[in-house]
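First the structure, in the form of structure tokens, and then the observations on it.
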Amino acid sequence: MKTTVAQARSFSRPIRLLLLNQLSINVGFYMLMPYLAGHLAGQLGLAAWLVGLILGVRNLGQQGMFLIGGSLADRLGYKPMILTGLVLRTVGFALLGLVDTVPALLAASAITGLAGAFFNPAVRAYVAQEAGERKVEAFAVFNVFYQLGILIGPLVGLLLTGFAFRVTCLTAAFLFALLAIAQARALPSRRGSRTGADESIWHDWRQALSNRPFLLFSLAMIGSYVLNFQVYLGLPIEVRRVSGSELGVTLLFVLSGGLAIAGQVPITAWAKSRWTPGQAMTRGLWLMGLAFLPLALTAPLKLPASLALIAVLLATALLTISTMIVYPFEMTTIAILGGDRMIGTYYGLYNTLSGVGIAAGNLLTGAAIDAGRQMALPGLPWWALAAVGAGCAVAMRALDRTGGLTPARLEAVAPH
């Protein structure tokens with residue numbers, strides 16, 4: 016952890032502020048969101064389909080608006096979009112604690128999602144621009160603060176929800192309000208990469224969508240987001256199946272967050288000293304697929320609950336390590352593929368494409384889990400996920416070997 020702190024302190028003041036900003040954003044978000052479904056279904060007594068609709072509106076509002084948020088950040092500047100997102104999140108979270116009608120809850124959920132679509136691409140674009148040649152190291156430290164917020168948030172939320180869910184919502188809203196005030200005062204302004212451009216936003220989108228190397232890279236990486244999301248979908252389902260307890264789910268998240276916090280910076284330094292970015296991502300994706308083999312091999316066996324749980328935790332650990340290998344190089348590559356122009360637009364489009372992939376992947380994963388149960392093939396979904404990882408790794412290797420990840424190849428498609 017000392018290495019991580021030293022690494023964080025080595026960056027400029029704006030990046031250090033954005034690291035604390037992301038930590039606080041995740042604390043505020045995760046102190047509330049894990050308990051929202053229980054509040055809607057329990058205290059408000061909403062039907063399950065309404066709960067799913069309200070939660071889905073937030074996700075749709077965020078994923079669907081990422082591209083617009085990123086493009087606005089390029090045009091208006093990164094700081095204004097960060098502040099706008101923080102203010103919207105303040106309003107959305109406050110409403111979730113104060114209203115109890117379905118239309119008002121849908122509006123609050125949509126505002127909350129829109130907030131994320133505004134500040135997420137802007138924050139990443141700001142970090143990429145400010146870090147210069149140290150993008151890989153910056154995003155490694157960024158992920159540590161990101162994961163730390165995920166660990167702290169639910170614990171704070173559990174404590175506050177013990178009093179009342181409204182207290183949790185208003186506390187989270189207050190935190191975002193403080194963040195907005197602090198960022199308005201302390202975060203230096205940075206011009207967006209398309210500030211003052213004569214062309215329309217549609218022109219920028221056409222440029223991004225015609226950037227063939229970027230689109231191929233995005234397609235190669237989409238599967239990795241499906242695999243990563245299994246920490247929230249497939250792995251918790253498997254924990255409950257083998258143990259019948261929520262304790263294993265808690266262990267799963269603690270293990271994932273703890274490994275990321277302790278290991279991200281040294282693993283990134285180790286990978287960067289030995290591999291090119293393409294090699295690091297390719298090998299990380301292979302490991303991401305291999306992470307599901309312990310489950311594929313043990314699912315058909317009638318193991319004691321403790322051993323079956325160890326297999327799930329092993330898969331979680333391998334998945335987390337593989338993500339730590341890939342993530343900093345992935346975020347850096349997005350900026351490189353855009354030629355350091357329209358950074359917000361590229362991050363926004365990348366997140367939108369990933370969101371579509373996650374939605375489709377979750378449906379297919381759920382179908383594979385159900386099919387495995389019906390066909391008495393419990394290993395089926397895990398073999399399928401392992402195959403997805405292998406496919407992503409093969410695609411990334413092909414891109415790397417053909418020069419699709421190098422700046423020289425991209426000069427012709429970079430917008431002017």
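Residues in the sequence shown are numbered consecutively from 16, following my numbering. Quick reminder that beta carbons are idealized off the backbone N, C-alpha and C, glycines included. As the structure is a computational prediction, the values presented were derived from the model and not from experiment.
So what's K317 in DSSP terms, helix, strand or just coil? coil
Using a Cβ distance threshold of 8 Å, determine whether the segment 164-174 contacts the segment 32-46, with at least three qualifying pairs required. yes
Using only alpha-carbon positions, find the residue among I237, L75 and G263 that is nearest to G406. I237
C-alpha gap between G376 and V341, whole angstroms: Distance between the alpha carbons of G376 and V341: 19 Å.
Taking the CB atoms as reference points, tell me whether A410 and A235 lie closer together than 7 Å. yes
Runs of alpha helix (DSSP H) wholly within the segment 191-258 (minimum 4 residues, chain order): Listed in chain order, the complete alpha helix (DSSP H) runs (minimum 4 residues) inside the segment 191-258 are 216-224, 227-243 and 249-258.
Contact set for T186: own chain, Cβ-Cβ below 6 Å, skip 5 residues either direction: L175
Rounded C-beta distance between M7 and D89? I'm assuming under 8 Å. Coverage of the chain is limited to positions 16 through 431, which leaves residue 7 absent and any answer about it impossible.
Would you report the Cα separation of L120 and L190, rounded to the nearest angstrom? 20 Å
Exposed unless 16 or more other CB atoms sit within 10 angstroms - verdict on H54: buried
Contacts around L163, its chain only, beta-carbon distance under 7 Å, and the 5 residues preceding and following it disregarded: L38 and I276
Determine, using beta carbons only, whether Q279 and M339 come nearer to each other than 7 Å. Yes, the pair counts as a contact, with Cβ atoms nearer than the cut-off.
A62, buried or exposed, once every other Cβ within 10 Å from all chains shown has been counted against 16: exposed
Please name the residue, chosen from P315, A323, P281 and I336, that lies closest to L305 on a Cα-to-Cα basis. I336
Secondary structure of D115, DSSP reduced to three states: The answer is coil: DSSP assigns D115 none of H, G, I, E or B.
Leaving out the 5 sequence neighbours to the left and right, which residues in its chain are closer than 8 Å to R31 when beta-carbon positions are compared? A23 and R24
What number of angstroms, rounded off, separates the C-alpha of R424 from the C-alpha of G354? Note that R424 scores 42 on pLDDT, short of 50, meaning its location in the model is unreliable and no value can be drawn from it.
In terms of residues, what are the limits of the alpha helix (DSSP H) holding T421? Neither: T421 is in no alpha helix (DSSP H) and is coded neither H nor E.
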